[in-house]
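Visitor:
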Amino acid sequence: MISDITTARDAALADIAQADSPDAVAAMTTRYAGKKGELAGLKKQLGSLESIDAKKEAGAAINAAMAAIDAALERRRTAVAADAIRIQVEAERIDLTEYLGKPKRGHAHLVTQAWERLEDVFVGLGFRVAEGPEVETDWHNFEALNMPIGHPARGEWDTLFVDHVPPEGEAGTTVLRTHTSPVQIRTMLDEEPPIRIIAPGRVFRRDTPDATHMPVFHQIEGLVIDRDISMADLAGTIDAFTKAFFGKGWNSRLRPSYFPFTEPSAEFDIQRPDGSWIELGGSGMVHPNVLRAGGVDPEEWSGFAFGFGIDRMAIMRHGVADIREMFSDDLRFVEQF
Amino acid sequence: MKILLSWLNEYGDFGDPTDADAVQRVADALTSLGLEVDAIEAIGETVDGVVTARILRLEAHPDAAKVQRVYVDVGDGNERHVWCGASNISADDIVPLATLGTTMPNGMTIERRGILGIDSEGMLCSAQELGLGEDHSGIRVLPAGTALGLPYGDALGIDPDVLIDADVTRNRPDCWGYVGIARDLAAKMGVEFRPPTPGLKVDGEERTTPVELVDGERCSRFTSTVISGVAVGESAEWMQRRLTAAGMRPISNVVDVSNYVMLELNQPNHAYDLDTLGGGGFRVRLATDGEHLVTLDGEDRTFSTNDLLICDANDVPIGVGGIMGGLDSEISDATTTVALEMAWFELVGIGRTVTRTGLRSEASQRFERGVDPYGMPTAVARFVELLEETCPDLVVHSGAADARSEDLPEQYRPVEVRIANVNRILGTELVADDLPKLLDPIGYTVSGTGGTRTVDLPTWRLDSTAEIDVIEEVARHYGYDRLGKRVPISSDHGGLTVRQQRRRELRDVLLGLGISEAMPNPFLAPDTLEKAGLEGESITITNPLVSDESVLRTSLRPGLQQAIAFNESHRRTGARFFEIGHVYPPGAGDLPDEYEALTVVLAGSEAPEAMAVWREITAALGGGARVDQNRVPLGLHATRSATLQAGKVPLGAVGEIAPDVLAAFGVTERVAILEIDLDQFLAREPKPVQWKATSRYPSSDLDLSFRLSDDVSAEKLEKVVRQGAGKYLVDLDLFDNYRDPDLPGSRALGFRLRFQATDRSLTDADTAEIRRGIEAAATKLGAELRS
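Each protein sequence line maps, in turn, to chains A and B. Going by the numbering used here, the residue at position 178 of the first sequence is 179; the numbering climbs one at a time, nothing skipped. Going by the numbering used here, the residue at position 345 of the second sequence is 1830; the numbering climbs one at a time, nothing skipped.
(1) To the nearest angstrom, how far is it from the Cα of B/Thr1790 to the Cα of B/Met1747?
(2) Would you list, in chain order, the members of the segment 1952-1971 of chain B that have their beta-carbon closer than 8 Å to a beta-carbon of chain A?
(3) With a threshold of 9 Å between beta-carbons, can B/Gly1936 be considered close to chain A, or not?
(4) Determine the DSSP secondary structure at B/Thr1944, reduced to helix, strand or coil.
(5) Tell me which residue opens and which closes the beta strand (DSSP E) that A/Phe205 is part of.
(6) With a threshold of 9 Å between beta-carbons, can B/Pro2007 be considered close to chain A, or not?
(7) Less than 8 Å between C-beta atoms, sequence neighbours within five positions excluded: which residues of the same chain meet that for A/Gln272?
(8) As a quick exercise: from B/Leu1585, B/Gly1592 and B/Pro1590, pick the residue whose alpha carbon is nearest that of B/Gly1599.
(9) Could you check whether the Cβ of A/Asp96 sits closer than 8 Å to any heavy atom belonging to the ligand NAP?
(10) Whose Cβ in chain B lies nearer than 8 Å to the Cβ of A/Asp234?
(11) Quick check on DSSP: helix, strand or coil for A/Glu280?
(12) Looking at B/Asp1646 and B/Cys1660, is the spacing between their C-beta atoms short of 9 Å?
(13) Helix, strand or coil for B/Lys2212? Go by DSSP, reduced to three states.
(14) Using a C-beta cutoff of 9 Å, does B/Asn1791 count as contacting chain A?
(15) Could you say which of A/Thr209, A/Arg206 and A/Asp191 lies nearest to A/Leu292 if we only look at CA atoms?
(16) Using beta-carbon positions only, say whether B/Leu2076 and A/Pro210 come within less than 9 Å of one another.
(17) Can you give the Cα-Cα distance for B/Ala2092 and B/Asp2216, rounded to whole angstroms?
(18) Classify B/Gln1850 as helix, strand or coil using the three-state DSSP reduction.
(19) So which residues on chain A does B/Pro2077 lean against when the C-beta distance must stay under 7 Å?
(20) What runs of the beta strand (DSSP E), each 3 residues or longer, lie entirely inside the segment 2069-2117 of chain B?
(21) For a quick check, are the C-beta atoms of B/Glu1495 and B/Arg1679 less than 9 Å apart?
(22) Should A/Arg77 go down as buried or exposed, given a rule of 16 or more other Cβ atoms within 10 Å for buried?
(23) Using a C-beta to C-beta distance shorter than 8 Å, which residues of chain D count as neighbours of A/Phe123?
(24) Helix, strand or coil: which one does DSSP assign to A/Phe328?
(25) Quick check: what's the CA-CA separation for B/Ser1611 versus A/Phe242?
(26) Please identify the residue among A/Ala80, A/Gly127, A/Ile86 and A/Thr30 whose C-alpha is closest to the C-alpha of A/Met67.
(27) With a floor of 3 residues, list each beta strand (DSSP E) that falls wholly inside the segment 1559-1625 of chain B, ordered by position along the chain.
(28) Whose C-alpha, out of B/Asp2186, B/Gly2089, B/Ala2095 and B/Asp2164, is nearest the C-alpha of B/Glu2081?
(29) Count the C-beta pairs between the segment 1861-1879 of chain B and the segment 1912-1928 of chain B that are closer than 8 Å, then say yes if the count reaches three, no if not.
(30) Whose Cβ in chain A lies nearer than 7 Å to the Cβ of B/Asn2028?
(31) Could you check where the beta strand (DSSP E) with B/Phe2191 kicks off and where it finishes?
(32) From B/Ala2233 to B/Ala2262, what distance separates their C-alpha atoms?
(33) Quick check on B/Gly1997 - is its C-beta less than 9 Å from some C-beta in chain A?
(34) So B/Glu1749 is in the beta strand (DSSP E); what residue range does that whole segment cover?
(35) Given that B/Ile1832 touches chain A, what residues does it touch there, using C-beta distances under 9 Å?
(36) Among B/Asp2196, B/Ala2105 and B/Val2206, which residue has its Cα nearest to the Cα of B/Pro2173?
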C-alpha cells in the first residue's frame, strides 16, 4: 500500500506541476485534494489492513502525501495568478511619448500675470488692493491731486475727455483716468487712516501707439498714510518690494523729481545684480494739499505714494519687443505664455 | 536743457570737459539734484590732418568746367595742388586743407587720386565736412592773417567741450538759465559759485519810454531802458560759438546778446528800435477779438481777448507779450538806439495763449514756468556789459521805465520751517542749525533761532510757496541717497477683498476650461456697437486720436468678436476667449454707469457649451440664475439664447451670437457666448457650504424618461422632478435628450436619480412610491413618463 501511496503522490505532483491556468489548478485540486481523489480512496482502504502498525504507517504516509499535494497546489495557484497578471501587463504595453492633442489649458493675459504677481508681493508686505472707476471726474483725476484747473502740469498727461456731463457739472469735466491716483483720493475719502493700499488698474493717455506705448495701459500705485510716515519709509518699502519682486540681489534708489501730487518727489530706479540701473517709476511724500483734498489732516498724518507701469513688468519679464503684440489677442502670441 | 560745460564753468569750477571722470561727476551731481542727465555729448572734436593753407592761384581746366585746379601753400614753401568744385574762393584766401591720409568724419580717406590724369594732394573743406555746422555751400574761408600750417581747430579757437542734456522739471524755473543750474550745482559739489555781477554805468541824458500797463494782472512788471550808440553787426566769435553749441543761430550782436542774457540769467528780453517805436512808448493790453499781427517768424496770427499784446504808444501791436515780437518792430542794420524791454508775465496766461495759438518760443517756455520778477536790473546791466564788447560807444540813458502792477509777486516771501516737521517728513535727525548750511547756498535765506526758522524764499523760485517746498530743498541738498531705508510696521494685515478673490477664482475656472484671456481695445469705431446688434446710447471721446477709436464700449462683445475674426483670418479657428473688464454705458449720475463684466466667446461651439461654462462657474463660485429664453438679449441668436435672470435683475446672457452679427464681423464659425455682470456676481459672498452626513446605507438608482413638449423648458421639468422626488434624493442628472423625428414638437428627456436614506436601507416599496410621486408631479407639467 505504501508503494501505491507513493505512486499516487508522485503522479499527482507531476500533474500539478503541469497546471498552467487558474482553471487547471482548480481541476487538480478537485482531482487530488478532494474527497473523491485517489488518496482519499486509499484512505478508505486503510480498514482492510491487518495490523495496527501497518494501518498507522499507511495512514501517516497518506497524510504526508496529502500535505505535500496541498502545498504543491497552493504554490501552483500563486504562480499561475502571478503569470496571468504578468501576461496582462505585458500585453498592455504603450509608448507614453505618443502624445495625441495639445495641452488644453487657457492662457492668462500677460498683464494679468504681472498684475497678480505684483498684488501678491504687496499683499505680503501688508497692502490691501483698492479699485476705482476708469472714467473719472476732473476733480478726482486732477484737482484733488494738487492740479487745479489751469495748472500747467495737466498738459503733461495727454488726457482723453468724454462727452458725459454730470447733472450739476460742466461739459469737459469727465475724463478717462490718466493714472490710478484717483483711487488714492477715493480711498482717503472713504476710510480713516492708517491706510496701506495698492491700486492697480487700467489707465488712458492720448498717446499714439508704438513699440513701447499704448493709449490704454495699466499701472499700479501704492499709498501709505500713518502717523510719522517719512521718506525713509518710502525708500525702505520700495527696496523691500524690489527685492521681493525682482530678487535678493537687486537694489533701489530714490532720485529727486517733480510731480504735482507729491513733495518731496522722487523717481525710483532699480539696480540689477550686474550693477546697471533701470528707471521704474515715480514716488514721493503725499503733498499736504492732496491729503487735505482726501480729508486727511497733514499735521496729524503723513504718507507716501508710488506708482509704475504693469505692462512694462510683463514685457521685461518675457522679452516682448513690441508692447502692441501683447494686446493683439493673436493666439500665436497668447499661447506662448 | 542742453548745458555746455565750458560755459557752465564760467560760474564755478565744476569740471574739465576733457576729463571724462570730472564730466561724469558733474552729470551725477546734476542727476542727484533732480536734473536728470539723459545724454552727454562730446563736441568740438577736430579732424586730425586738416591744416590752414593759403590759396596761391586758381586754374580753370578746359575739359572740366565745374572744377578748378587750386594751388595752395601750407607755409612749408612747397606748392601743392588740389581739385575743387567750390566757387567761393579766390587767391590769398586762407582755407582748411585736408592733407593726404586724413580720415574725414564721414569715413572717407583723402587719397592722391585725382581727375583728368592729374593727381590731387588733398582736399579743401566746407564747414559741414569739418563738423562745424550745416553749411556746405562752399569752402569754409578762415579769417585773413591766419597763420599757415596750423590745425584748423587752433586757428578757429575750437576747444573740445561737452554738452550735457539734462531734464528740467516743471518745479525748477531757475534751471532754464545757466546761472540757476550753476547755483544749485555749486552748492551740491561744494565749489565756489561765481554769478556775473555787472555794474551798470548810466551816463546818458534822460530818455524815457512811457509804459502803460492796461492789463496788469497779465503783465505786472515792464521795464524799458533806452540804450544808444548801438552799431548792429556780428557778435564776438566766442559768443557765436556758445550760442551755436546751445542750439541757437547767431544773428547779430544785439540779438545774440539778447539770447545770451536769456540763456545765462533766464530773463527773456526784447530790444526795439526806438526810432521806429510808434509814440516812443509802450501799452500792454489784452487783444481785441480778431486783432492780428505778423510775428517774427513771418506768420500772420489772429488773437483773442485772452491774449496779451505789447503795443506802441499809438496802440499798434508790436509783439505778443512774453512770447514773440512782431516782424515790423525788429531791429535793422540801421538801428542805433534801442528800447530794451525786460518784463514779467503771469504764468497761466502765457500757457493758455501758447496752447491756443501753438505759438511757442524760448521766451514763452521760460515765462510759462516763471522767471524772476526781480531779476531785471542785473539782466539789463549784463546786456549792456556784453553788448559793449562789439559796441564800444554804447550809452545807457537815465529815466528807464519800470512799470509795476499790484499783481507782481512779493519780493520778500518768508515761510516758517519747523525742524521737527522736516525730520517727520524726511525721516532724518537734522538740527535747526543744519538748515542755513543746506539752504543759504541756494538762496533760501534762513534766519531766526530755535526749532522754527524763517526762510525767505528766493524770487527765482516762484514754485516755492510753503514749508513743504523748503523741505524738498533740504532733502535735495542733504541727498536722497542719505535718507534711511526702513519698512513701516503696521498691525493691519494685507489681503484681497472677497470680490478680488472671487475674480481670481473665476479666472482660474475659465483658464481650467481651456479658455484664454483677451484684452482688446475698449475704444470702438462709431458703427461697431450697431454692427454687433447692440442698441442704445454710448459715450464718445471728444478728442480721440482716431475716429475709429472714439466710442467707449458698452459691451465686451465687439472686441472679442473682432479677436475671433482676426484669428480666423490667420487660420486659427476654434478660438476660445474670455475677457474680464469694464464697460461704460452712459448714466445720469456724476459718472457713467460703468461696471465690470465677463464675456466668454467660444468659436466653433454651440449654445450648450456656453451653458456648460456657466454651470462650471456656478459650481465653483456659487450663485445661479434662471435661464429665460423668452428674453433674448440683443445681438444673440433668437432661438438659442437666453437672459440669465437673478431675482428681478438680469445677471447676464447665454447662448450664441446671431448669424447676421457673425457675418457683419466676418466670422464664419458659430460662436457660443456667455456674459455676466460681475459687479453683481462677484459681490455676492456665498455662505460656506454646510456639512451633510454621508449615509452608511446602500443607495438605489432610478432612471426616468419623460416626453416633454418643446414649449416647456428642461429646467422646469427638472425642478418638478426634484420636488416630486422628496427628501431621499441625493443626486439628479439629465443624461439623455432624444428628439424622435416622428414626434416633432417634443423630445424625450432622461433623468438619472439616486436615492438614499441616512437611517435605513430604502425598500422597493419606497422607490415605487417615490416614482409615483414624481410621475404625478410631472404630469401636471404635461410631461409623460415613458419608462
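Heads up, the beta-carbon is just placed ideally off N, CA and C, and yes, glycines get one too.
Guide: Let's see:
(1) When rounded, the distance between both Cα atoms is 28 Å.
(2) Under the 8 Å Cβ criterion, the segment 1952-1971 of chain B contributes Ile1953, Asp1954, Ile1956, Glu1957, Ala1960, Arg1961, Tyr1965, Asp1966, Leu1968, Gly1969, Lys1970 and Arg1971.
(3) Residue-level contact by beta carbon fails for B/Gly1936 and chain A, as no gap is shorter than 9 Å.
(4) It is coil, neither helix nor strand.
(5) Looking at the DSSP string, the run of the beta strand (DSSP E) that includes A/Phe205 is Ile196 to Phe205.
(6) Interface residue, yes.
(7) Residues of the same chain with a CB within less than 8 Å of the CB of A/Gln272, apart from the 5 flanking positions on each side, are Trp251, Asn252, Ser253, Arg254, Trp278 and Ile279 in chain order.
(8) When each option's Cα is compared against that of B/Gly1599, the closest is B/Leu1585.
(9) What this structure holds is no ligand at all, so the ligand NAP is not there to describe.
(10) Within chain B, the residues near A/Asp234 are Gly1912, Arg1971, Val1972 and Pro1973.
(11) A/Glu280 falls in the strand class under three-state DSSP.
(12) The answer is no: Cβ separation not under 9 Å.
(13) In the structure shown, B/Lys2212 sits in coil (DSSP, three-state: anything other than H, G, I, E or B).
(14) Residue contact with chain A for B/Asn1791: absent (no Cβ-Cβ distance below 9 Å to any residue of chain A).
(15) Measuring from the Cα of A/Leu292, the nearest candidate turns out to be A/Asp191.
(16) Contact flag unset, no.
(17) A straight-line Cα-Cα distance of about 25 Å links B/Ala2092 and B/Asp2216.
(18) When secondary structure is reduced to three states using DSSP, B/Gln1850 falls in the helix class.
(19) Within 7 Å Cβ-Cβ: Val136 and His165.
(20) The beta strand (DSSP E) runs lying completely inside the segment 2069-2117 of chain B and spanning 3 residues or more are 2080-2088 and 2111-2113, given in chain order.
(21) Yes, the Cβ-Cβ distance between B/Glu1495 and B/Arg1679 is below 9 Å.
(22) The C-beta of A/Arg77 has 16 or more other C-beta atoms within 10 Å across all chains shown, which makes the residue buried.
(23) The chain labelled as chain D is not found among the protein chains of the depicted structure, namely A and B.
(24) It is coil, neither helix nor strand.
(25) One Cα belongs to B/Ser1611, the other to A/Phe242, and the distance between them is close to 57 Å.
(26) Nearest C-alpha to A/Met67: A/Thr30.
(27) Runs of the beta strand (DSSP E) inside the segment 1559-1625 of chain B: 1564-1569 and 1579-1583.
(28) Selected option, being the one with the closest Cα: B/Asp2164.
(29) No: fewer than three Cβ pairs fall under 8 Å.
(30) Here the neighbours are Leu161, Phe162 and Arg207.
(31) Counting along the chain, B/Phe2191 sits inside the beta strand (DSSP E) bounded by residues Ser2185 to Ser2194.
(32) For B/Ala2233 and B/Ala2262, the distance between alpha carbons rounds to 17 Å.
(33) Closer than 9 Å to some Cβ of chain A, the Cβ of B/Gly1997 qualifies, so yes.
(34) First-last for B/Glu1749: Asn1738 to Leu1750, but that is the alpha helix (DSSP H), not the beta strand (DSSP E).
(35) Here residue 1832 of chain B turns out to be Leu, not Ile, going by the sequence shown. Pro153, listed in chain order.
(36) Comparing Cα positions, the closest option is B/Ala2105.
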